[in-house]
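What follows is a set of notes on a single structure, which appears directly below.
In the numbering used here, the protein residues as written are 14 to 344.
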């Protein structure tokens, strides 16, 4: 596959990457011949007959969130698998602006459960976004979604209900069974009523399968770092952290933002306006947080301290803005 890249870059080819750890026959499908795919067709249309039941393993490296008919694509990928074949899907679930749709762990799990896959493991990740900017993040937290929950009245199937700010993804590795279907449509858990099957039996099968839940090599379960949970449901638990959280403070963030903006090819006045708008927005949010705390706190001395802190922050921002105006005028 001829993956296009920027001039001067020399990335490893797709074929070389896979041959570094396997000798399987590697083939690619795409909607156009732009990158030299082996099979050219629309995955949301009819699958060529010769590709049905052909593959042992299918990887969707981020296409699912960029097609219009998500269900049809997932059905077609399942059709293309052999019984016993496996599929690995990862797609944006939060934040990424160019994604057509956001794929939730609930949607992915329900598709596998209602169509009775032999096994399915679903995960959700959350990317660190210091000061709301993912580019400054240095860590990614990974969570496992297991819908099977024991209660006093027996085991039940519960949703993930993930809700996070910033960037996040959904991952699924699933195995097609002899009885796996493709045409059953899922119903959300809170609308099923007493119609708990085949969801519950599928959840039990997934939970009890021999495929282990992902974990970092040589990391005991009791050494998983503390993570901000993306859901209040008992179905979500942390399994791994990649990287270390950023220690960027607010002063360093403003310096980094200024440096980033200065590298753009826009005019100085537009760059300055961007930074001014950014600072004003952040100051407004800080002011609202401080005012909220002022109403909550009862101590008069604490109020004075917060008020003083507020005026200090406002003065610092005003001084910074005046300095930028001076730099712009001189430059």
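All C-beta atoms, glycine included, are put in the ideal place defined by N, C-alpha and C. Quick caveat, the model's predicted, so the values are computed rather than measured.
Pair within 8 Å by beta-carbon distance, residue 173 and residue 246: yes
Exposure label - residue 183; buried when at least 16 CB within 10 Å: buried
Unbroken beta strand (DSSP E) run spanning residue 119, endpoints: Per DSSP, residue 119 belongs to no beta strand (DSSP E); it is in the alpha helix (DSSP H), 118-127.
Residue(s) in a DSSP beta bridge with residue 152: 256
Cβ neighbour criterion (16 or more within 10 Å) applied to residue 198: exposed
Residue 212 - containing alpha helix (DSSP H), residue span: 212-220
Residue 175 to residue 104 span [Cα, whole Å]: 15 Å
Proximity test, residue 118 beta-carbon vs the ligand COA heavy atom, cut-off 7 Å: Looking at this structure, you won't find the ligand COA or any other ligand, since it has none at all.
As assigned by DSSP and simplified to three states, the class of residue 137: strand
Per-residue DSSP class, three states only, for residue 263: helix
Contacting residues, own chain, Cβ-Cβ under 7 Å from residue 216 (five flanking each side not counted): 126, 160, 161 and 170
Ordered list of alpha helix (DSSP H) runs contained in the segment 58-128, each at least 4 residues: 83-93 and 118-127
Alpha-carbon to alpha-carbon, residue 136 and residue 150: 20 Å
Three-state class that DSSP yields for residue 295 in the structure shown: helix
Nearest-angstrom Cα separation, counted from residue 290 out to residue 30: 44 Å
Alpha helix (DSSP H) segment containing residue 194, residue limits: It is not in any alpha helix (DSSP H) - residue 194 carries neither H nor E in the DSSP assignment.
With 16 other Cβ atoms within 10 Å as the buried cut-off, status of residue 2: Since the first residue of the chain shown is 14 and the last is 344, residue 2 is not available in this structure.
DSSP bridge partner residues for residue 157 (one or two, in chain order): 136 and 250
Per-residue DSSP class, three states only, for residue 180: coil
Outcome for residue 106 when other beta-carbon atoms lying within 10 angstroms are tallied against a minimum of 16: buried
Option nearest residue 144 by Cα separation, candidates 272, 267, 273 and 271: 267
With 16 other Cβ atoms within 10 Å as the buried cut-off, status of residue 294: exposed
Cβ pair count under 8 Å reaching 3, the segment 107-117 against the segment 221-239: no
Contact belief for residue 44 with residue 86 at Cβ below 8 Å, rounded distance in angstroms: Not confirmed; about 11 Å, so no contact.
Bridge partner(s) assigned by DSSP for residue 42: 52
Environment of residue 193 [buried if 16+ CB atoms lie within 10 Å]: buried
Residue 314 in three-state terms, based on DSSP: Reliability fails at residue 314, whose pLDDT of 47 lies under 50, so the model's placement of it is uncertain and the value that follows must be treated cautiously. Here residue 314 sits in helix by DSSP.
Residue(s) in a DSSP beta bridge with residue 163: 168
Spatial distance of residue 177 from residue 166 (CA atoms): 31 Å
Which of helix, strand or coil DSSP assigns to residue 236: helix
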